[in-house]
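Peer 1: Sequence positions in the sequence shown follow mature numbering (1 follows the signal peptide of the UniProt record, and there is no 0) and run -21 to -1, 1 to 159.
For glycine and all other residues, C-beta sits at the position ideal for the given N, C-alpha and C.
The structure displayed is predicted, hence computed values, not measured ones.
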Amino acid sequence: MNKLLIAAMMMAALSACSQEAKQETKEAASAVASEVKDAAASATDAAASSAQAAASKVEDTAAKAASEVKEAPASEAKPAEKTEAAPADEKKDASSAKVDGKAVFEANCKMCHGGTIPGAPVVGKNDDWAPRIKQGKETLHKHALEGFNSMPAKGGNTNLSDDEVKAAADYMANQSGAKF
């Protein structure tokens, strides 16, 4: 049953991660779901029957996620650039001060930066974040907004404003040793 829970958590992570991470997670979730399904098939009680149904559901969800990864248009990979003409001072004042970075993190970033996805720096693990913090706040914001390595722009949620992304990045960094 623990493996089923892990598989379900892995599937939930798919909705907020890059296509590469989605594919890796989908493959791992499918493998775990297959193991659970096989184990459930050999059992004869009602609990095994429900575990098998749940494993089938996880496999179906994995297949659906895989098709979404394949069907995602290239335009969703990077958002269109905004052409705002606000002065730099105004942008700094309006940035993360008005936005609750923790709330943005909890709703959008925690799935990957909470330790679910290998390679994503885990909030609170100073060693994971030290090299990123060392590059400075501006670079951290740039990577969060534009994407970096396997992380997509704005963490894959193009509906987030730049200020929300910056506030979440600041929150994660500050929870991991920064003083932004």
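Just checking my contact of Lys116 with Phe159 at CB under 8 angstroms: how many whole Å lie between their CB atoms?
Peer 2: Taking the first residue of the sequence shown as position 1, residue 116 is located at position 137. Taking the first residue of the sequence shown as position 1, residue 159 is located at position 180. About 5 angstroms; that satisfies the 8 angstroms criterion.
Peer 1: Rounded to whole angstroms, what's the CA-CA distance from Met151 to Glu6? Just pull it up for me.
Peer 2: In the sequence shown, the residue the question calls residue 151 occupies position 172. In the sequence shown, the residue the question calls residue 6 occupies position 27. Whole-angstrom Cα-Cα distance: 28 angstroms.
Peer 1: Where are the beta strand (DSSP E) runs, 3 residues long or more, that stay fully inside the stretch 73 to 137, in chain order?
Peer 2: Runs of the beta strand (DSSP E) inside the stretch 73 to 137: none found.
Peer 1: For Val78, which option in Phe127, Ser140, Gly94 and Arg111 has the closest C-alpha, if you only look at C-alpha atoms?
Peer 2: Position 99 of the sequence shown, counted from the first residue, corresponds to residue 78. Cα-wise, what sits closest to Val78 is Ser140.
Peer 1: Which one of Pro97, Ala82 and Ser155 has the shortest CA to CA distance from Ser129?
Peer 2: Walking along the sequence shown from the start, residue 129 turns up at place 150. It is Pro97 whose Cα lies nearest to the Cα of Ser129.
Peer 1: So, are the CB atoms of Val102 and Gln154 less than 8 angstroms apart?
Peer 2: Locating residue 102 in the sequence shown gives position 123, counting from the first residue. Locating residue 154 in the sequence shown gives position 175, counting from the first residue. Cβ distance < 8 angstroms, so Val102 and Gln154 count as in contact.
Peer 1: What residues in its chain sit with their C-beta under 8 angstroms from that of Asp107, if we drop five residues either side in the sequence?
Peer 2: Counting from 1 along the sequence shown, the entry for residue 107 is found at position 128. Once the five neighbours on either side are set aside, the close Cβ partners of Asp107 are Pro100, Val101 and Ser155.
Peer 1: If Leu119 sits next to Ala146, beta carbons under 8 angstroms apart, how far is it from one beta carbon to the other, in whole angstroms?
Peer 2: Indexing the sequence shown from 1 puts residue 119 at position 140. Indexing the sequence shown from 1 puts residue 146 at position 167. 12 angstroms between Cβ atoms; not a contact.
Peer 1: The alpha helix (DSSP H) with Asp145 in it runs from where to where?
Peer 2: In the sequence shown, counting from the first residue as 1, residue 145 sits at position 166. A quick correction: the sequence has Lys, not Asp, at residue 145. Asp141 to Asn153 is the extent of the alpha helix (DSSP H) around Lys145.
Peer 1: With DSSP collapsed to three states, give me the class of Lys158.
Peer 2: On the sequence shown, residue 158 is found 179 positions in, with the first residue counted as 1. Residue state, collapsed to three classes: coil.
Peer 1: Is Ala132 buried or exposed, if buried means 16 or more other CB atoms sit within 10 Å of its CB?
Peer 2: Within the sequence shown, numbered from 1, the residue matching residue 132 stands at position 153. Ala132 is buried by the Cβ-count criterion.
Peer 1: Can you have a look at Asn87 and say buried or exposed, based on whether 16 or more other CB atoms are within 10 angstroms of its CB?
Peer 2: Taking the sequence shown and counting its residues from 1, the one referred to as residue 87 is at position 108. Buried, because 16 or more other Cβ atoms sit within 10 Å of the Cβ of Asn87.
Peer 1: So, Ile112 versus Ala82, is the Cβ gap smaller than 8 angstroms?
Peer 2: Along the sequence shown, one-based indexing puts residue 112 at 133. Along the sequence shown, one-based indexing puts residue 82 at 103. Contact flag unset, no.
Peer 1: Could you work out which residue in Val144, Pro110, Asn138 and Asn105 is closest to Leu124 when comparing CA atoms only?
Peer 2: For this step, residue 124 is matched to residue 145 along the sequence shown. Considering only alpha carbons, the answer is Val144.
Peer 1: Whole angstroms is fine: what's the gap from Gly94's alpha carbon to Ser9's?
Peer 2: Counted from its first residue, the sequence shown places residue 94 at position 115. Counted from its first residue, the sequence shown places residue 9 at position 30. Each residue's alpha carbon lies about 20 angstroms from the other.
Peer 1: Would you kindly work out how many angstroms separate the C-alpha atoms of Thr137 and Gly126, rounded to a whole number?
Peer 2: As a first step, residue 137 must be located in the sequence shown, where it is residue number 158. As a first step, residue 126 must be located in the sequence shown, where it is residue number 147. Taking the straight line joining both Cα atoms gives about 11 angstroms.
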